[in-house]
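Only one structure is covered here, and it is reproduced in the block below.
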Amino acid sequence: MVKNNLVTKLTDILSVKAVLTDEMMKNHTSFQIGGPADLLLLPHSIDEIVALYRYLKTAAIPITWIGNGSNLLVSDDGIRGAVIKIAENFSDIKIDGEYLTAAAGALLRQVSEFAAENCLTGFEFACGIPGTIGGATFMNAGAYDGEMSQVIEAVTVLNKAGQLLHLTKDDLTFRYRGSSVQDQGHIVLQVKLKLKKGKKTAIAAAIADLTARREAKQPLELPSAGSTFKRPSGYYAGKLIQDSGLRGVRFGDAAVSEKHCGFVVNLGKATCRDVMTLIDFIQKTVFDHFAVNMQTEVRKIGQGF
Ligand SMILES: Cc1cc2nc3c(=O)[nH]c(=O)nc-3n(C[C@H](O)[C@H](O)[C@H](O)COP(=O)(O)OP(=O)(O)OC[C@H]3O[C@@H](n4cnc5c(N)ncnc54)[C@H](O)[C@@H]3O)c2cc1C
């Protein structure tokens with residue numbers, strides 16, 4: 000279909016401002032890397048997301064789903080078809096007793112602060128993870144001994160057939176940086192957490208402590224996608240990289256962080272190609288030193304992947 004016709008159709012579903020064409024993905028990823036998406040769509044509601052999905056599926060237009068883009072490496076050639084970004088436009092948070100319900104686009108930081116303001120404890124671990132609650136559920140994101148699986152009570156998802164499903168925690172399984180939501184290709188629309196009543200001052204102190212620990216250890220001053228590699232069983236990725244003599248190694252503007260070797264950082268104008276060259280080099284070097292296969296945690300999307 001000619002792009003103009005398609006855009007007209009899509010603006011029947013979304014507001015005009017929510018339909019972007021040839022939008023650079025580097026503007027939507029924490030790595031600040033990624034070429035143009037043919038279409039970038041920014042829905043506001045479950046109804047809009049369902050309508051978009053059904054329309055694009057019928058029109059046979061490929062769909063890529065993203066949240067806050069904080070765990071993504073996007074190709075320099077961009078993404079063909081439509082990218083649906085579930086983020087700030089769809090981010091309401093509500094509290095009912097010890098339950099907190101958030102739209103999938105709410106940022107973990109906002110959810111964690113909202114819980115704290117309402118004297119709910121159990122979500123402090125997530126305060127410094129820069130993703131949405133939808134992306135975090137998909138990834139089973141975690142930090143400092145906490146992870147999403149410990150607090151999720153229920154989720155509303157869109158399945159591949161375009162139907163809404165309400166799943167309780169008993170319907171879901173989680174593992175290190177993965178979930179049944181991910182395995183089944185479900186799109187997370189709403190997440191209900193079960194937290195506990197706590198003391199506001201203690202919750203605020205825990206958040207301040209975790210923030211300070213993160214700031215001390217992680218290269219938050221440079222663009223990245225967080226830990227580049229999953230933790231190999233029995234090892235720490237950062238330590239393996241450091242002990243392989245790779246601290247500060249760079250290809251183009253992609254470098255192993257001097258502050259934390261588990262992070263590949265963008266020193267300015269890194270391309271996806273620079274990052275991939277560096278990742279391949281790290282994997283090969285670590286394997287040569289320790290015979291450990293390093294799997295990427297960062298998800299690679301777009302043309303050529
Ligand atoms: C500085 C920094 C620190 C980080 N620290 C941590 C950490 O401590 N712990 C940790 O676990 N991660 C960490 N991360 C990685 C990242 O923040 C998490 O993986 C986060 O959960 C990704 O959420 P997102 O919304 O940004 O998802 P995206 O990066 O946009 O997408 C990640 C994956 O989730 C899918 N996805 C996104 N939204 C949805 C949805 N609504 N439904 C279904 N699928 C969806 C996408 O298709 C993609 O496959 C860090 C990243 C950075 C940059």
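First residue of the sequence shown? That's 0 in numbering that gives the first Met the number 0, and the numbers climb one at a time after it. Where is the CB? At the ideal position from N, CA and C, for every residue including glycine.
Proximity of residue i and residue j at Cβ, strictly below 8 Å
i: K193; j: E152; result: yes
i: K8; j: Y54; result: yes
i: I92; j: F113; result: yes
i: G104; j: N88; result: yes
i: S111; j: A125; result: yes
i: D76; j: G251; result: no
i: T136; j: V180; result: yes
i: T120; j: K195; result: yes
i: G133; j: I85; result: yes
Buried or exposed (CB count within 10 angstroms, at least 16 for buried), residue i
i: S74; result: buried
i: T131; result: buried
i: H165; result: exposed
i: S232; result: exposed
i: S223; result: buried
i: A236; result: buried
i: R306; result: What is shown of the chain runs 0 to 304, which leaves residue 306 out entirely.
i: T57; result: exposed
i: A215; result: exposed
i: Q189; result: buried
i: F122; result: buried
i: S90; result: buried
i: K191; result: buried
First through last residue of the beta strand (DSSP E) which encompasses residue i
i: R262; result: Strictly speaking, residue 262 in this sequence is Phe, with Arg absent from that position. Segment F262 to N265, the beta strand (DSSP E) holding F262.
i: M23; result: V18 to M23
i: G237; result: Premise fails: G237 lies in the alpha helix (DSSP H), A236 to D242, not in any beta strand (DSSP E).
i: I223; result: Residue 223 is actually Ser in this sequence, not Ile. Here the beta strand (DSSP E) through S223 covers S223 to S226.
i: H27; result: Per DSSP, H27 belongs to no beta strand (DSSP E) and is neither H nor E.
i: R298; result: R298 to I300
i: Q189; result: I186 to K193
i: E47; result: Per DSSP, E47 belongs to no beta strand (DSSP E); it is in the alpha helix (DSSP H), I45 to T57.
i: V73; result: L71 to V73
i: E152; result: I151 to L157
Selection from the options that minimises the alpha carbon distance to residue i
i: R79; options: A102, D21, A204 and F124; result: D21
i: R249; options: R230, A59, L239 and T270; result: T270
i: A140; options: L157, L106 and N26; result: L106
i: V49; options: F289, G134, T100 and N158; result: N158
i: K168; options: G161, Q162 and S178; result: S178
i: A115; options: L277, V150, L38 and T200; result: T200
i: A253; options: D95, K268 and H259; result: K268
i: Q149; options: L163, L171 and S14; result: L171
i: I183; options: G161, M24, I85 and F30; result: Just to set this straight, residue 183 is Gln in the shown sequence, not Ile. Comparing Cα-Cα distances from Q183 to each of G161, M24, I85 and F30, the minimum goes to G161.
Endpoints, alpha helix (DSSP H) assigned at residue i
i: D182; result: S179 to D182
i: A204; result: K199 to K216
i: T100; result: Counting along the chain, T100 falls outside any alpha helix (DSSP H), though it belongs to the beta strand (DSSP E) covering Y98 to A102.
i: D91; result: Unbroken run through D91: none, as it is neither H nor E.
i: R79; result: R79 -> not in any alpha helix (DSSP H); beta strand (DSSP E) instead, spanning I78 to K84.
i: I116; result: With the sequence shown as reference, residue 116 is identified as Glu, and Ile is not the correct amino acid for it. Note, E116: alpha helix (DSSP H), L107 to E116.
i: I12; result: K2 to I12
i: I278; result: C271 to F289
i: I132; result: I132 to M138
Cβ separation of residue i and residue j, assumed to be a contact under 8 Å, to the nearest whole Å
i: L51; j: P42; result: 6 Å
i: F280; j: T227; result: Their Cβ separation, rounded to whole angstroms, is 12 Å, which puts F280 and T227 out of contact at 8 Å.
i: N70; j: V297; result: 6 Å
i: A197; j: C118; result: Looking at the sequence itself, residue 197 is Gly, so the reference to Ala does not match. Indeed they touch by this definition, with Cβ atoms about 6 Å apart.
i: K229; j: R176; result: 6 Å
i: I240; j: V285; result: 6 Å
i: W64; j: I186; result: 6 Å
i: K299; j: L39; result: Between L39 and K299 the Cβ distance is about 18 Å, and since that is not below 8 Å, they are no contact.
Near ligand 2: residue i beta-carbon under 7 Å from a heavy atom
i: F137; result: Looking at this structure, you won't find ligand 2 anywhere; what it does contain is ligand 1.
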